[in-house]
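Position 55 of the sequence shown, counted from 1, bears residue number 97 in our numbering, the numbering being contiguous throughout.
Heads up, the beta-carbon is just placed ideally off N, CA and C, and yes, glycines get one too.
Quick caveat, the model's predicted, so the values are computed rather than measured.
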Amino acid sequence: MTAAGANGTVKVGRKAAFGSRDGTVLGIALLAVLPIACLSKPKEPLRLGVNAWPPFELLSLARDQGFFDAEKVDVDLVDFSSYTGILRAYHQENIDGFLATLNEVQIADNFHDQPAVVMVVDYSFGGDALVVRRDIGDLKALRGRRIAFEESALGSYELERLLEIGGLGRDEVVAVSRLPEEAEQEFHKGTVDGVITYEPGLGRLVRDEGGHVLFSTRDIPGEICAGRSVPGSGRSPT
């Protein structure tokens with residue numbers, strides 16, 4: 043992958059939207075090359091933004107297994123440490139498409155021209171979570187606590203949902219906007235009590251920092267999914 047940002051594991055993750063392991067790898071490969079196949083004179087390489095998330099690593103596997111070569115396409119996987127970085131690069135036209143949760147793509151204010159989602163890749167079933175300190179036993183105990191989250195559509199949605207389920211108002215917690223790596227550092231320093239995050243950071247906080255999962259997408263099944271997005275009508279990767 044091309045490095046563009048900083049980058050444990052527990053038994054949580056997103057379920058792939060394909061039936062078998064081989065089918066998943068092939069499906070991921072096809073979703074990467076689909077826009078190219080539809081263009082008469084594509085620009086290559088196709089620059090595809092991905093962040094550190096296990097299912098997205100299947101793109102690297104597809105490349106290494108020769109699926110891209112078999113389709114005669116050149117795909118440059120550009121790695122980011124956060125969704126925020128992906129969206130910034132997309133707006134600056136430094137990438138041609140990206141993988142992200144549909145929450146991000148559905149917010150029209152994020153884009154001058156709404157991207158088109160060409161395929162759903164996975165849905166989250168525990169891979170996105172709130173990790174807290176051991177002394178916090180339930181959602182009610184979050185009252186007055188500092189929670190770090192990435193102020194993206196995904197992070198904001200998860201925060202609102204866990205507060206709703208816990209019967210808490212937004213003003214009853216101290217929500218602080220942090221990028222994923224910053225949130226991990228603050229949890230380590232003890233300056234925040236919880237972090238809304240995803241794998242592989244989730245696993246590091248549980249394994250290395252002694253945190254525990256208080257809330258995850260297992261509690262809101264089917265609400266968080268990721269897809270492959272490409273430019274809409276106003277912009278083309280050609």
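> Are the beta-carbon atoms belonging to leucine 196 and serine 123 less than 8 Å from one another?
Replying inline: no
>> Let me confirm a value: isoleucine 207 is counted as buried when at least 16 other C-beta atoms fall within 10 Å, else exposed. Which label applies?
In response: exposed
> Assuming arginine 163 and alanine 94 make a contact with CB atoms under 8 Å, what is their CB distance in whole Å?
Replying inline: Just to set this straight, residue 163 is valine in the shown sequence, not arginine. With 8 Å as the limit, valine 163 and alanine 94 do not qualify as a contact, their Cβ atoms being about 15 Å apart.
> Where glycine 264 and proline 87 are concerned, what is the direct C-alpha to C-alpha distance, given to the nearest angstrom?
Replying inline: 33 Å
>> Pop quiz: glutamate 192 and tyrosine 125 are said to be a contact at Cβ under 8 Å. What is the actual Cβ separation, rounded to whole angstroms?
In response: 7 Å
> Taking the alpha-carbon positions, what's the alanine 171 to arginine 130 distance?
Replying inline: 24 Å
> Does the beta-carbon of glycine 91 have 16 or more other beta-carbons within 10 angstroms, so that it is buried, or is it exposed?
Replying inline: buried
> By Cβ distance below 7 Å, which residues in the same chain neighbour leucine 72 in space, the five residues on each side in sequence not counted?
Replying inline: Its pLDDT being 49, under 50, leucine 72 is placed unreliably by the model, and the measurement read from it follows with that caveat. So no residue of the chain qualifies.
>> If we require 3 or more residues per run, which beta strand (DSSP E) segments fall completely within the stretch 165–209?
In response: 170–174 and 188–191
> Nearest-angstrom Cα distance between arginine 270 and glutamine 107?
Replying inline: 20 Å
> Hey, how far is the Cα of alanine 225 from the Cα of alanine 190?
Replying inline: 6 Å
> Pick from Arg105, His230, Phe109 and Glu113: whose alpha carbon is nearest that of valine 120?
Replying inline: Arg105
> Just to confirm, are histidine 230 and glutamate 214 a CB contact at a threshold of 8 Å?
Replying inline: no
> Looking only at its own chain, which residues have a Cβ that is under 8 Å from the Cβ of glycine 186, when we skip the five neighbours before and after it?
Replying inline: Glu214, Val215 and Val216
>> Quick check on DSSP: helix, strand or coil for aspartate 155?
In response: coil
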